[in-house]
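With mature numbering (1 follows the signal peptide of the UniProt record, and there is no 0) applied, the sequence shown corresponds to residues -29 to -1, 1 to 388, in that order.
Ideal Cβ positions, reconstructed from N, Cα and C, are used throughout, including at glycine.
Keep in mind that this is a model prediction, so the values were computed, not measured.
All remarks here apply to the structure that follows.
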Amino acid sequence: MRKKKLIATVLVVTSILTAVFTGCSSNTATNKSKKQIVFFSNKIEAVDTYNRLVEKFEAENPDIDVVVSAPPDATTVLKTRLVKGDVPDIISLSADRSFADFVDANILEDLSDKIDFSVIDPVYSQMLKDLEIESVDGVYGVPYALNASGVIYNKDIFEELGLSIPKTWDEFLEVAQIVQDNGITPFYFTLKDTWTSLPAWNNIAGTLADTDCFKRVNNNETTFNEVYSETADKILQLMDYGHSDNFGVGYNDGNTAFAQGKAAMYIIGNYAIPSILTVNPDINLGMFTMPVSNNEDENKLVSGVDVYFAIPKDSKNKEESIRFINFLLEEENAKTYIDEQSAFSAVKGVKQEDSKFEAFDDYFENSRVVDFQDHFYPAELPASDMVQTYLLDGDKEKFLNNFQKEWLKANRQYIKE
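The following block contains the structure:
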């Protein structure tokens, strides 16, 4: 199985050298007759998976060559490329505020009648639509893979203490208290890395604050002092159940510590599981939805679009790009992706069958899911820094006032007078 090149430059140089030293052979002519599409992704960890899918696609579509490009800091690199007119054919990123910015800048192709959206769960198509700052006609992104945030837990510790998965906020804190009373750390926090303040924040706010709140704040119908009041109270309560150095340990060390059995629970996303298993492949772990409300029916799984596809208007190979996207949406190929990446699929009927995630089944099957709050935050909003500072000083009023101020500053062009 040949190793796929990640940059187009290598392929171009190879073609030139072949022509110089061997003349115009039939192989060279065949390569020149192919359409080359650049698939630009932010998933460095998924390159091998994409390359396997690309090889399968190219075998079925010998007239197309797909080049996978997955640089570090992909969103920044992409914006630079777009400014310079160096446009990839397919954009594959996580769905956050940058998607809204691309739609707002009118740089994406309307895919309404080009992709079979009937194969996609409409909940996730709506998530992309909800990200648009001001809704526009058309469909500009194709949801593909999903992540999920919640609580990773050590099943052996739960079994040893006779604990079951909590269904309400009070039960959640009761479980934490029982764990602590037995001399075990309930939650392993890694707040040395500021971004790790957001998983717990997203889990709580996802249930308590609807995604329409951002437009209501922009329309001066409410403020974050009101929207996030209960979220701020509850996230602070969790700090009573951490370890002795909540702000001195970073994410990588936290993964190692949890893998070594140093805590019963870890509030994080499913993306942490591969790292934990690398340290301890034998750990008996599972994952459950963080219960935020005392009304069990109100609790929701925080699950966002971790991978979406879009085609820039300036792509020169739109037809070929659409063929590749439709190929990736086929059930077998979507299943390959989620199995290899421990992810979830936006494609109907494609289910993550890993037993570690079985507690999520009911939420996915009944569409009891909600997007990450921070997917709506612009890059200029220092949300993780503000949440981390709040968890350190506990000054709720200062925190919420500052959040409101920073939001208005970062979104000034969308605020109604």
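Classify residue i: buried if its beta carbon has 16 or more other beta carbons within 10 angstroms, exposed otherwise.
i	result
Q344	buried
R383	exposed
G56	exposed
P245	exposed
A76	exposed
T167	buried
S135	exposed
F370	buried
V122	buried
Q323	buried
G320	exposed
residue 389	Residue coverage of the chain in this structure runs from -29 to 388, which leaves residue 389 outside it and unanswerable.
I8	buried
S(-5)	Any reading at S(-5) must be qualified, since the residue scores a pLDDT of 32, below 50, and its modelled position is unreliable; the value itself is stated next. Exposed: under 16 other Cβ atoms inside 10 Å.
G177	buried
Q148	exposed
I62	buried
E388	exposed
T1	Per-residue confidence for T1 stands at a pLDDT of 41, beneath the threshold of 50, marking its modelled position as unreliable; the derived number appears in the next sentence. So T1 counts as exposed.
I309	buried
F(-9)	Caution is warranted here: a pLDDT of 32 is assigned to F(-9), below 50, making its placement in the model unreliable, and the coordinate value is therefore given only provisionally. That one is exposed.
P137	buried
P252	exposed
I35	buried
N125	buried
N189	buried
I247	buried
Just checking my contact of residue i with residue j at CB under 8 Å: how many whole Å lie between their CB atoms?
i	j	result
N118	S326	Not a contact, Cβ separation roughly 18 Å.
G175	T202	Just to set this straight, residue 175 is Ile in the shown sequence, not Gly. Yes, they are in contact, since the Cβ atoms of I175 and T202 sit about 5 Å apart, within 8 Å.
M357	F374	6 Å
D277	D101	Rounded, the Cβ-Cβ distance is 16 Å, inconsistent with contact.
Y111	D81	6 Å
N32	R294	6 Å
A66	Y279	5 Å
F158	Y212	5 Å
V54	I296	Actually they do not touch by this definition, with Cβ atoms about 25 Å apart.
L24	L299	7 Å
V90	V318	6 Å
T307	T20	7 Å
K233	T156	6 Å
V340	V150	The pair is not a contact, with the Cβ atoms about 27 Å apart (cut-off 8 Å).
A180	Y199	6 Å
E351	A381	4 Å
Measuring CA to CA, which of the options is closest to residue i?
i	options	result
residue 398	F328, L99 and H346	This structure does not reach residue 398, given that the chain is present from -29 up to 388, and the question cannot be answered.
K271	A305, V263 and Q97	V263
D183	F158, I104, A76 and V39	I104
D366	L207, W378 and V150	L207
V58	I78, F70 and D72	I78
D44	K85, R187 and N13	N13
F88	Y348, F315 and E301	E301
F73	E303, D285, E377 and D333	D285
E16	Y242, Q151 and K27	Y242
D204	W140, Q97 and F11	W140
K163	K138, D268 and H214	H214
residue 391	K5, V37 and Y199	The chain is shown from -29 up to 388; residue 391 falls before or after that span and cannot be answered.
G109	K186, K85, N217 and N189	K85
Y237	Q97, S120 and E26	S120
N217	L132, Q97, L363 and V250	L363
F28	E303, Y385, A235 and I282	E303
D60	M98, K186, N266 and F11	F11
D268	S338, N372, F315 and D92	S338
E96	N153, E131 and S316	Residue identity check: residue 96 is Ser in the sequence provided, not Glu. Ranking N153, E131 and S316 by Cα distance to S96 puts S316 first.
Which residue marks the beginning of the beta strand (DSSP E) containing residue i, and which one marks its end?
i	result
G240	M236 to G240
G121	S120 to N125
I62	I61 to L64
G56	Element bounds for G56: n/a, residue is neither H nor E.
S12	K6 to S12
Y159	Taken as a continuous stretch (DSSP letters only), Y159 belongs to no beta strand (DSSP E), as it is neither H nor E.
A116	V113 to L117
Which stretch, first to last residue, makes up the alpha helix (DSSP H) that contains residue i?
i	result
P170	L169 to L179
V278	From DSSP, V278 is part of no alpha helix (DSSP H) but of the beta strand (DSSP E) over V276 to A281.
V321	Careful: V321 lies outside any alpha helix (DSSP H) and carries neither H nor E.
L99	P93 to L102
L362	A354 to D364
I244	I244 to V250
L379	K367 to A381
Y21	V18 to E31
Does any CB atom of chain B fall closer than 8 Å to the CB of residue i?
i	result
L144	Among the protein chains of the structure shown there is no chain B, as only one such chain exists.
Exercise. Any chance the segment 254 to 267 sits against the segment 42 to 56, with 3 or more Cβ pairs inside 8 Å?
Worked result: no
For this session: Flag this pair as touching only if the segment 351 to 370 and the segment 283 to 303 have three or more C-beta atom pairs under 8 Å; answer yes or no.
Result: no
Problem set entry | Cβ contact check for the segment 223 to 235 and the segment 183 to 198: 3 or more pairs under 8 Å | no
Exercise. Would you call the segment 213 to 226 and the segment 154 to 173 in contact, with 3 or more CB pairs under 8 Å?
Worked result: yes
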